[in-house]
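Participant: Sharing a structure below in structure tokens format, with a few things to ask.
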Amino acid sequence: MNSEENMDKKIETVLNSLDSSNRAAPMPFLQTRINARLNKEVASAWEKIAGFVSRPSVAIAGLCFVLLVNVLVIGLSKSANTNAITDQATVTQTDEFSISVATIYDFENNQ
Amino acid sequence: MNQPELIVQLQQGDASAFTRLVAQWQELVFNTAIGIVQNVEDADDITQEVFIQVYQSVSSFKGESKFSTWLYRITVNRALDHERKMKRKKRFAIVQRFIGDKIDEELHPVEFNHPGVQLEQKENAAMLFKALKNVPDNQRIAFTLHKLEKQSYQEIAEIMNTSLMAVESLMARAKRNLQIELKKYYRP
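Chains A and B are the protein sequences, given in the same order. If you count by my numbering, then the first sequence holds residues -7 to 103, one letter each, in order. If you count by my numbering, then the second sequence holds residues 2 to 189, one letter each, in order.
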């Protein structure tokens, strides 16, 4: 019984052993180490972007995208040119075969 | 300078405000971290990570709670993350041992001596820290904040985002579990 009480006392002392403790201080030059890590993190953010872009899958996908855009632009510009030519041709034909223009070669009105 | 003014300056991008903030709060962060991870180098790493996080996310601090409460929360979360990482490493080390590789010394730390503990209490404190390793996380956090950081139950409740009753219950269970653990040392 006595030893049990003694043990309880010891345990209580252990449990209260931190009551009189002071705060632990970090190692010196903490600010310098934090600043160095902050600068490194900024640099590593750019490194991460560069690393991501230079991945083969991303690079190939990017290249395919650029090629696709080029093909689309060329295709669109071609069809736009064709429309312009068609418009021009239609105008020319309309001018040539215009029924409203009376000329001596106006066969249709020659009745 | 009072806290909110310093925070406002930091939110406005004042670099000197960050220097002052680190100087003012470094012991709080380090002491909390060392109480949880029980390693000086790891606690120093965590302290750096906490201040980097504060620098990067100070704009999200709305002042709804005290700045110290916010800082404690970040520190506790970082320290627990670090512990989880170490546990994963330990599991991997067990596999390595089966393979026959050398095991990293840092994964088997020696007895921890808190630098702020009085000389006559060093032995008892080392025993307490050893016993604390076998107590569930939330009980250990509450106990460490109360004993090492001298936080009241109400402040611990705010830090742990829980009720005062819950903290009282956590502390009671922590003490009971620690008593069981410590009895093992006295009565092997």
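Glycine included, every Cβ here is placed at the ideal spot set by N, Cα and C.
Just to confirm, is the Cβ distance from B:Leu171 to B:Ala143 under 8 Å?
Facilitator: Yes. Within cutoff.
Participant: Determine the extent of the alpha helix (DSSP H) in which B:Ser58 is found, giving its start and end residues.
Facilitator: From DSSP, the alpha helix (DSSP H) with B:Ser58 extends over 41 to 58.
Participant: Apart from the five residues on each side of it in sequence, which residues of its chain come closer than 8 Å, Cβ to Cβ, to A:Asn(-2)?
Facilitator: No residues qualify anywhere along the chain.
Participant: Answer with buried or exposed for B:Leu129, where buried requires no fewer than 16 other C-beta atoms within 10 angstroms of its C-beta.
Facilitator: By the 10 Å Cβ count, B:Leu129 comes out buried.
Participant: Can a CB atom of chain A be found closer than 8 Å to the CB of B:Lys185?
Facilitator: No, no contact with chain A.
Participant: Please report the distance separating the alpha-carbon of B:Asn32 from that of B:Lys88.
Facilitator: Rounded to the nearest angstrom, the two C-alpha atoms are 21 Å apart.
Participant: What residue range does the alpha helix (DSSP H) around B:Phe130 cover?
Facilitator: 123 to 133 is the span of the alpha helix (DSSP H), which, as asked, contains B:Phe130.
Participant: Taking C-beta pairs closer than 7 Å, name the residues in chain B that A:Asn14 reaches, listed in chain order.
Facilitator: In chain order: Gly117.
Participant: For B:Met128, return the contacting residues in chain A, with the cut-off set at a CB-CB distance below 7 Å.
Facilitator: Within chain A, the residues near B:Met128 are Val6.
Participant: Does the distance from the C-beta atom of B:Glu182 to that of B:Asn114 stay below 8 Å?
Facilitator: No, the pair does not count as a contact, with Cβ atoms beyond the cut-off.
Participant: State yes or no: is the C-beta of B:Gly36 nearer than 7 Å to some heavy atom of the ligand NAP?
Facilitator: As for the ligand NAP, it is missing from this structure, which has no ligand bound.
Participant: At a cut of 8 Å, does the stretch 116 to 128 of chain B reach the stretch 11 to 19 of chain A through at least three beta carbon pairs?
Facilitator: The answer is yes - the stretch 11 to 19 of chain A touches the stretch 116 to 128 of chain B, with three or more Cβ pairs under 8 Å.
Participant: For a test of the three-state rule: what should DSSP assign to B:Asp15, helix, strand or coil?
Facilitator: Coil, per DSSP.
Participant: Among the residues of its own chain, which have a CB less than 7 Å from the CB of B:Phe19, if the five just before and after it don't count?
Facilitator: Once the five neighbours on either side are set aside, the close Cβ partners of B:Phe19 are Leu11, Tyr56.
Participant: Is A:Arg130 helix, strand or coil by DSSP?
Facilitator: With chain A running from -7 to 103 in the structure shown, residue 130 of chain A is simply not present.
Participant: In chain order, what residues of the same chain lie with their CB nearer than 6 Å to the CB of B:Val1, ignoring the 5 residues before and after it?
Facilitator: Here chain B comprises residues numbered 2 to 189, so residue 1 of chain B is not present and cannot be evaluated.
Participant: Using a Cβ-Cβ distance under 8 Å, would B:Gln97 count as near chain A?
Facilitator: Taking Cβ atoms only, chain A never reaches closer than 8 Å to B:Gln97, which makes this a no.
Participant: What residues of chain A sit near B:Asn32, judged by a beta carbon separation below 7 Å?
Facilitator: By Cβ distance, chain A contributes Arg15, Ala16.
Participant: Could you tell me whether any Cβ in chain B is nearer than 8 Å to the Cβ of A:Glu39?
Facilitator: Cβ-Cβ to chain B under 8 Å: no for A:Glu39.
Participant: For the putative contact between B:Lys148 and A:Asp11, defined by C-beta atoms under 8 Å, what is the C-beta separation to the nearest angstrom?
Facilitator: About 7 Å separates the two Cβ atoms, so the contact holds.
Participant: Any beta carbon from chain B within less than 8 Å of A:Arg25's own beta carbon?
Facilitator: Output row for A:Arg25: interface = yes.
Participant: From B:Arg188 to B:Ala126, what distance separates their C-alpha atoms?
Facilitator: For B:Arg188 and B:Ala126, the distance between alpha carbons rounds to 18 Å.
Participant: Grab me the residues of B:Asn139's own chain with a C-beta within less than 8 Å of its C-beta, minus the 5 sequence neighbours each way, in chain order.
Facilitator: Taken in chain order, the residues that qualify are Met161, Leu171.
Participant: Quick one: using the 10 Å Cβ neighbour count with 16 as the cut-off for buried, is A:Ser46 buried or exposed?
Facilitator: Classification of A:Ser46: exposed, given that the 10 Å Cβ count is below 16.
Participant: Quick one: which residues of the stretch 148 to 179 of chain B get their C-beta closer than 7 Å to a C-beta of chain A? List them in chain order.
Facilitator: The stretch 148 to 179 of chain B vs chain A, Cβ under 7 Å: Lys148, Leu149, Lys176, Leu179.
Participant: With H, G and I counted as helix, E and B as strand and the rest as coil, what does DSSP make of B:Asn162?
Facilitator: B:Asn162: coil per DSSP, three-state reduction.
Participant: Hey, is A:Glu(-3)'s beta-carbon within less than 8 Å of any beta-carbon in chain B?
Facilitator: With 8 Å as the cut-off, A:Glu(-3) does not count as an interface residue toward chain B.
Participant: Identify which residue in B:Glu112, B:Gly14, B:Glu50, B:Leu7 has its Cα closest to the Cα of A:Arg25.
Facilitator: Of B:Glu112, B:Gly14, B:Glu50, B:Leu7, the residue nearest in Cα terms is B:Glu50.
Participant: Just to confirm my understanding: we take A:Ala51, look at its own chain, exclude 5 residues before and 5 after, and list those with CB closer than 8 Å. What are they?
Facilitator: For A:Ala51, where only same-chain residues beyond five positions count, the Cβ hits under 8 Å are Val45.
Participant: Throw me the rounded Cβ distance for the B:Leu72 and B:Val30 pair, which I believe falls under 8 Å.
Facilitator: B:Leu72 to B:Val30, Cβ: 6 Å. Contact.
Participant: Using the three-state DSSP reduction, which class does A:Leu10 fall into: helix, strand or coil?
Facilitator: Coil at A:Leu10, not helix or strand.
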